Amino acid sequence: MVIFTRTQRERRSSLPNPGLPPAAETRFEELKRYVAFAAEDAALLRSFRDVAAPHFARIAQEFYDRIRLHDEAHAVFTGEAQIARLQRSLVLWMERLFGGRYDEAYFEDTAQIGRVHVKVGLPQRYMFTAMALIRSSLLKLAEAAGPSGLAVMDAISRLLDLELAIMLESYRDNFVARIQQVERLERQALGASLARTEHRYVNAVELAHVIIVGLDAQGSILLFNQEAERITGFARDEVIGRSLLDCLAIEETGEGAELREILRGVAAAQGAASEREVVSRAIETAVSTRSGQRRSVLWQLTHAPSSGDDVCVFAIGRDTTDEKALLARTKQQEKLAAIGTLAAGLAHEIRNPLNGAQLHVTYLDRSLKKSGAHPELIETVGVVADEIRRLGSLVTEFLAFARPKPLLVKRVSVQTLLERAAQLVAAQAHQHGVEVVLDVPPQAIELEADGAKLEQVLLNLTQNAIEAVAGEAGAGHVVLRARRQPQTVSFEIEDDGPGIPEDAPIFDAFFSTKPQGTGLGLSISYRIITDHGGTLDVDSKRGRTVFRIVLPLDGPPDSALRSRVEAS
Amino acid sequence: MLLDRDAIPLTTMIRCAIQQPAQAGVVSERPVSVLVVDGEPKTATVLVKLLRVDGFLVEVAADAAAAEARVERGPRPDVLVMDVSPARVGEVETLRRIHAHHPTLRLVLVTAHPQVAERLALGAAPGCRIVTKPIDYTGLLRLLEVAA
Numbered sequence: 001m002v003i004f005t006r007t008q009r010e011r012r013s014s015l016p017n018p019g020l021p022p023a024a025e026t027r028f029e030e031l032k033r034y035v036a037f038a039a040e041d042a043a044l045l046r047s048f049r050d051v052a053a054p055h056f057a058r059i060a061q062e063f064y065d066r067i068r069l070h071d072e073a074h075a076v077f078t079g080e081a082q083i084a085r086l087q088r089s090l091v092l093w094m095e096r097l098f099g100g101r102y103d104e105a106y107f108e109d110t111a112q113i114g115r116v117h118v119k120v121g122l123p124q125r126y127m128f129t130a131m132a133l134i135r136s137s138l139l140k141l142a143e144a145a146g147p148s149g150l151a152v153m154d155a156i157s158r159l160l161d162l163e164l165a166i167m168l169e170s171y172r173d174n175f176v177a178r179i180q181q182v183e184r185l186e187r188q189a190l191g192a193s194l195a196r197t198e199h200r201y202v203n204a205v206e207l208a209h210v211i212i213v214g215l216d217a218q219g220s221i222l223l224f225n226q227e228a229e230r231i232t233g234f235a236r237d238e239v240i241g242r243s244l245l246d247c248l249a250i251e252e253t254g255e256g257a258e259l260r261e262i263l264r265g266v267a268a269a270q271g272a273a274s275e276r277e278v279v280s281r282a283i284e285t286a287v288s289t290r291s292g293q294r295r296s297v298l299w300q301l302t303h304a305p306s307s308g309d310d311v312c313v314f315a316i317g318r319d320t321t322d323e324k325a326l327l328a329r330t331k332q333q334e335k336l337a338a339i340g341t342l343a344a345g346l347a348h349e350i351r352n353p354l355n356g357a358q359l360h361v362t363y364l365d366r367s368l369k370k371s372g373a374h375p376e377l378i379e380t381v382g383v384v385a386d387e388i389r390r391l392g393s394l395v396t397e398f399l400a401f402a403r404p405k406p407l408l409v410k411r412v413s414v415q416t417l418l419e420r421a422a423q424l425v426a427a428q429a430h431q432h433g434v435e436v437v438l439d440v441p442p443q444a445i446e447l448e449a450d451g452a453k454l455e456q457v458l459l460n461l462t463q464n465a466i467e468a469v470a471g472e473a474g475a476g477h478v479v480l481r482a483r484r485q486p487q488t489v490s491f492e493i494e495d496d497g498p499g500i501p502e503d504a505p506i507f508d509a510f511f512s513t514k515p516q517g518t519g520l521g522l523s524i525s526y527r528i529i530t531d532h533g534g535t536l537d538v539d540s541k542r543g544r545t546v547f548r549i550v551l552p553l554d555g556p557p558d559s560a561l562r563s564r565v566e567a568s
Numbered sequence: 569m570l571l572d573r574d575a576i577p578l579t580t581m582i583r584c585a586i587q588q589p590a591q592a593g594v595v596s597e598r599p600v601s602v603l604v605v606d607g608e609p610k611t612a613t614v615l616v617k618l619l620r621v622d623g624f625l626v627e628v629a630a631d632a633a634a635a636e637a638r639v640e641r642g643p644r645p646d647v648l649v650m651d652v653s654p655a656r657v658g659e660v661e662t663l664r665r666i667h668a669h670h671p672t673l674r675l676v677l678v679t680a681h682p683q684v685a686e687r688l689a690l691g692a693a694p695g696c697r698i699v700t701k702p703i704d705y706t707g708l709l710r711l712l713e714v715a716a
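Chains as they are written, first to last, in our numbering: chain S, 1 to 568; chain R, 569 to 716.
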């Protein structure tokens with residue numbers, strides 16, 4: 001291996017070996033090695049200096065005159081002053097060419113000249129053509145020197161190639177720097193754009209007013225958005241990694257079974273190379289919240305098999321609990337309105353013949369008693385009279401349910417209402433050995449409501465509760481409770497009776513479990529509460545049944561004003 | 569069971585009255601005169617029979633117009649027991665006139681539509697009593713005695 005150092009420079013053979021870079025070689029040294037520029041060249045150039053120097057000013061003049069003929073190249077310059085300056089610089093540069101010292105300082109000067117050209121925006125092609133012009137002029141000088149000029153021509157050519165190589169390097173450096181800058185900007189823009197896009201998608205998922213749950217092939221939760229947290233009451237860290245079906249206690253029958261079937265299908269399809277998205281039909285299931293409440297959710301499952309993400313099913317859910325309740329209430333109201341119209345007409349048709357029958361039975365009863373008829377006959381007539389009365393009350397009750405009088409809204413005391421209800425049932429409770437307990441807060445609660453109608457509801461619910469616990473072993477307690485919330489007041493009538501069968505339509509008219517019941521009591525209560533803008537719900541299991549009334553403290557939302565005006 | 573006192577305020581009142589010991593108001597010096605106004609002859613007939621047995625002086629008129637004519641002709645009855653229906657046009661107006669001419673004449677209105685009757689009749693004849701069909705005869709008796 002041949003090692004060149006600064007001190008060991010020598011003219012190399014005519015077969016340079018550019019493939020063997022010596023250690024610690026500078027770029028300039030490397031270039032010189034390539035074009036075989038050696039100390040002899042340096043000496044030749046130095047010796048030619050005195051011959052060439054008188055021509056430098058002329059050559060520079062010719063050079064710039066040539067440029068003046070070229071529009072594009074000339075466009076690089078800003079004016080005559082600059083051209084004059086550059087012309088002088090060109091003379092200096094030529095003097096430098098024949099200076100005889102071609103060291104690292106020389107290299108650095110050339111590189112600087114290259115950078116200046118890059119800076120003023122001279123295109124690379126003009127660097128070549130300009131160099132060709134200079135070369136031509138200088139070679140002519142050497143040529144004119146006779147046979148000895150051949151070696152000088154060779155040296156000039158090598159040096160100008162070096163100059164060109166060094167200057168072009170500046171273009172390369174600049175180009176690399178510009179590319180790096182562009183890349184940096186692009187990366188920044190891409191990063192910002194990615195961050196922005198991610199932010200947007202995260203927001204879309206998190207702020208959406210739908211439940212969004214991402215599941216893996218096994219049905220485990222990997223994504224659980226804010227709405228999912230809000231509806232279910234579970235924080236995401238509690239559910240991530242757990243099975244959706246287990247977490248939310250989705251039923252195993254009905255629509256829940258269908259949901260399970262879809263998830264099983266997804267697990268089975270995993271691995272099969274299906275890239276098609278599959279959207280399920282809407283499935284409505286009940287889910288359990290963290291507090292154990294059951295809510296209704298309408299799901300749509302999208303199977304989105306994608307490489308690079310474990311989430312392969314998106315379950316999008318909408319909480320339909322309130323919507324369903326509202327729909328049921330609206331339906332109930334519409335049904336009631338229709339029944340009301342019918343009932344009013346029917347009441348007339350029933351009460352008139354009943355009136356004739358009742359008066360005639362009264363007359364018959366009187367006559368039989370007066371004529372000393374058999375007691376059995378008198379009793380028979382009495383039964384008919386009772387039955388007529390019962391029919392009469394049924395019509396009255398039914399009308400109260402189907403076409404109630406407008407509410408008479410006044411300020412009423414919650415405590416007073418419950419105390420009165422307790423008083424009114426005291427005898428009945430005592431008779432059945434049932435204990436009725438009042439659980440009301442000490443501070444007075446008042447609300448805008450039709451006191452008489454509310455009392456009727458409380459009485460009805462309390463009597464039902466007493467009847468439910470009467471004769472039930474281990475039972476016998478009824479609690480009348482009231483609590484205040486910011487905008488509402490809640491009443492609870494709780495008993496420890498046997499509970500209500502889950503699917504019993506207890507709020508439907510004419511549904512009754514009592515032999516003598518008309519099946520209108522709870523329907524009327526329900527109507528009174530909903531007319532007040534409140535809700536009446538039941539929560540029942542064996543040993544604990546709670547009827548819960550929630551009423552707005554400010555009274556019925558729309559009818560309040562009207563009723564108050566009517567009342568006055 | 570549920571008892572809607574708003575829908576049947578009178579019967580509640582009557583039931584309360586029944587619980588009190590019976591008064592001997594019927595056998596007074598002058599019998600109470602009642603004009604029964606009912607377009608249904610069978611019902612009118614049996615009501616008249618019952619009231620007469622209980623010592624009232626009873627007459628019958630077939631409709632409101634006939635009742636008005638009878639009251640105007642005199643002698644004026646003590647109580648008018650009148651079947652009213654919102655379906656009969658002009659009835660409320662007749663009632664209003666009778667009440668205007670004879671403010672002390674007691675009015676007991678028998679109806680299948682107590683709510684409607686209440687709304688219409690109380691405006692026409694304040695102080696009138698409304699009885700929902702089917703008539704509870706014992707209750708009606710107490711009402712007539714109070715009215716007398």
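Every residue, glycine too, gets a C-beta built ideally from N, C-alpha and C. Note that the coordinates shown come from a computational prediction; the quantities given were computed from them, not determined experimentally.
- Residue environment analysis places residue 674(R) among the buried positions, since at least 16 neighbouring C-beta atoms fall within 10 angstroms of its C-beta.
- For residue 526(S), no CB of chain R lies under 9 Å from its own CB, so it is not counted at the interface with that chain.
- Listed in chain order, the positions of the region 357-379 of chain S with a beta carbon within less than 8 Å of a beta carbon of chain R are 357, 358, 359, 360, 362, 363, 366.
- Proximity of residue 420(S) to chain R, defined by a Cβ-Cβ separation below 9 Å, is not satisfied.
- Secondary structure of residue 453(S) (DSSP, three-state): helix.
- At a beta-carbon threshold of 7 Å, the residues of chain R lying near residue 392(S) are 702, ordered along the chain.
- It is roughly 27 Å from the alpha-carbon of residue 45(S) to the alpha-carbon of residue 124(S).
- Distance from the Cα of residue 48(S) is smallest, within the candidate group 100(S), 92(S), 72(S), 83(S), for 100(S).
- Burial of residue 33(S) is indicated by the presence of at least 16 other C-beta atoms within 10 angstroms of its C-beta.
- When the five nearest sequence neighbours on each side are left out, the beta carbons in the same chain lying within less than 6 Å of the beta carbon of residue 620(R) are those of 626, in order along the chain.
- Neighbours of residue 676(R) in chain S, taken as residues at a C-beta separation under 7 Å, are lacking, since the least C-beta distance is about 14 Å.
- Taking 9 Å as the threshold, the shortest C-beta distance from residue 347(S) to chain R falls below it.
- Taking 9 Å as the threshold, the shortest C-beta distance from residue 614(R) to chain S falls below it.
- Taking a Cβ-Cβ threshold of 7 Å, the residues of chain R close to residue 355(S) are 611, 701, 702, 703, in chain order.
- According to DSSP, residue 314(S) shares a beta bridge with 214(S), 302(S).
- Residue 618(R) reaches chain S at 359, 362, 363, 366, counting residues in chain order whose Cβ is nearer than 8 Å.
- Residue ranges of uninterrupted beta strand (DSSP E) with 3 or more members, entirely inside the region 190-240 of chain S and ordered along the chain, are 211-215, 221-224.
- At a beta-carbon threshold of 7 Å, the residues of chain S lying near residue 680(R) are 347, 348, 351, 352, ordered along the chain.
- Within chain S, 366 have C-beta atoms less than 8 Å from the C-beta of residue 621(R), given in sequence order.
- For residue 540(S), the enclosing beta strand (DSSP E) starts and ends at 535-541.
- When 7 Å is used as the limit between beta carbons, residue 608(R) is near these residues of chain S: 356, in chain order.
- Between the beta-carbon of residue 227(S) and that of residue 210(S) there is about 6 Å, and that keeps the pair under the 8 Å contact cut.
- Using beta-carbon distances, residue 399(S) counts as an interface residue toward chain R, with a partner under 9 Å.
- Contacts with chain R at 9 Å (Cβ-Cβ) do not include residue 483(S).
- Among the bridge pairs identified by DSSP, residue 477(S) is matched with 435(S).
- Excluding the 5 residues flanking it on each side, residue 680(R) has same chain C-beta neighbours closer than 8 Å at 653, 700, 701, in chain order.
- Judged by DSSP secondary structure, residue 552(S) falls within the beta strand (DSSP E) whose first and last residues are 544-552.
- Burial state of residue 201(S) is exposed, judged by a 10 Å Cβ sphere holding fewer than 16 other Cβ atoms.
- Between residue 281(S) and chain R, the shortest Cβ-Cβ separation is not below 9 Å.
- Sorting 459(S), 477(S), 357(S) by C-alpha distance to the C-alpha of residue 705(R) places 357(S) at the top.
- Residues of chain R with a Cβ closer than 7 Å to the Cβ of residue 388(S) are, in chain order, 702.
- Around residue 329(S), the same chain offers 530 as residues with beta carbons nearer than 8 Å, after the five sequence neighbours per side are excluded.
- When the five nearest sequence neighbours on each side are left out, the beta carbons in the same chain lying within less than 6 Å of the beta carbon of residue 445(S) are those of 414, 484, 489, in order along the chain.
- For residue 344(S), at least one C-beta of chain R is nearer than 9 Å to its own C-beta.
- Residue 623(R) counts as exposed, since fewer than 16 other C-beta atoms from the protein chains shown sit within 10 angstroms of its C-beta.
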